[in-house]
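Encoded as structure tokens, the structure appears first; notes follow it.
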Amino acid sequence: MILDSLILQTKLFLSGDMDIKITNIKIDDENPVKLLLKDYTSMIGTGGTFNSMIVVSFDNDILEHLVNLFMEGEEVEDDEKEEVYDSVSGEALNTIIGLALPTFPNRGKGVTITPPITINDASNIKKYKDSNIISALITTEVGTLSISALGQDEILK
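So in the working numbering, spot 74 of the sequence shown is number 77, and the numbers just go up one at a time.
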């Protein structure tokens, strides 16, 4: 299942690469009509043999921690903050997708991905009529994030 792969790669990225302790994972299996977003959100579209939108949404605390790790403690100026946060959010999602791609259908062959885009001025994403949302909330010692996929039912299973 796609969500299992996204969760696994998110766990490996956070705990393995970033040394962030994960305290809880909650899968949302209620098929929501819309995806509620946190403070910072990045999305990557997939196409070809697997059409979906993969979304990671961070609360401020965990993204701030990731920014500090990526910047190796270097101070981020106020006028650069949005650009740096967007960049780190997108890079985190890019890393997760890159690691998860071989576990997608057909081992990721024929799957295309878009560059990450960041949206910070929306509170939710609504699904299309014939689509589904699968999502997990990952709680860590420094904050929470959600990892989600939007697409047609048969693709996301």
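Glycine is no exception: its CB is placed at the ideal position from the N, C-alpha and C atoms.
All values derive from a computational prediction rather than experimental measurement.
Is D156 buried or exposed, if buried means 16 or more other CB atoms sit within 10 Å of its CB? D156 is exposed by the Cβ-count criterion.
For a minimum of 4 consecutive residues, which ranges assigned as the alpha helix (DSSP H) are wholly contained in the stretch 45-75? For the stretch 45-75, whole alpha helix (DSSP H) runs of length 4 or above, ordered along the chain, are 63-73.
Excluding the 5 residues flanking V58 on each side, which residues of the same chain have their C-beta closer than 6 Å to its C-beta? For V58, where only same-chain residues beyond five positions count, the Cβ hits under 6 Å are M46 and S151.
Of the residues E83, D124, I136 and D62, which one's Cα is nearest the Cα of T147? Of the candidates E83, D124, I136 and D62, the residue whose Cα lies closest to the Cα of T147 is D62.
Does DSSP classify A152 as helix, strand or coil? When DSSP states are grouped into helix, strand and coil, A152 belongs to the strand group.
Test item: CB-CB of L140 and S126 under 9 Å: Cβ atoms of L140 and S126: not closer than 9 Å.
Considering only residues of the stretch 12-45, which uninterrupted beta strand (DSSP E) runs meet the minimum length of 3 residues and lie entirely inside it, listed in chain order? Entirely contained in the stretch 12-45, the beta strand (DSSP E) runs reaching 3 residues are, in chain order, 25-31 and 37-39.
Simplified DSSP assignment, three categories, for V145: V145: coil per DSSP, three-state reduction.
Which value, in whole angstroms, describes the spacing of the CA atoms of M56 and K132? In this model, M56 and K132 are separated by some 15 Å (Cα to Cα).
Spatial neighbours of G48 within its chain, please: C-beta separation below 6 Å, excluding the five flanking residues on both sides. Correct list, in chain order: M56 and T117.
Inter-residue spacing [alpha-carbon to alpha-carbon] between T106 and M74: Distance between the alpha carbons of T106 and M74 is about 30 Å.
Going by other Cβ atoms of all chains shown within 10 Å of its Cβ, with 16 needed for buried, is E67 buried or exposed? Buried is the call here.
Determine contact between the stretch 9-29 and the stretch 94-111, defined as no fewer than three beta-carbon pairs at a distance below 8 Å. Yes, the stretch 9-29 touches the stretch 94-111.
Would you say N54 faces chain D, with C-beta separation under 9 Å as the test? Here there is only one protein chain, and chain D is not present.
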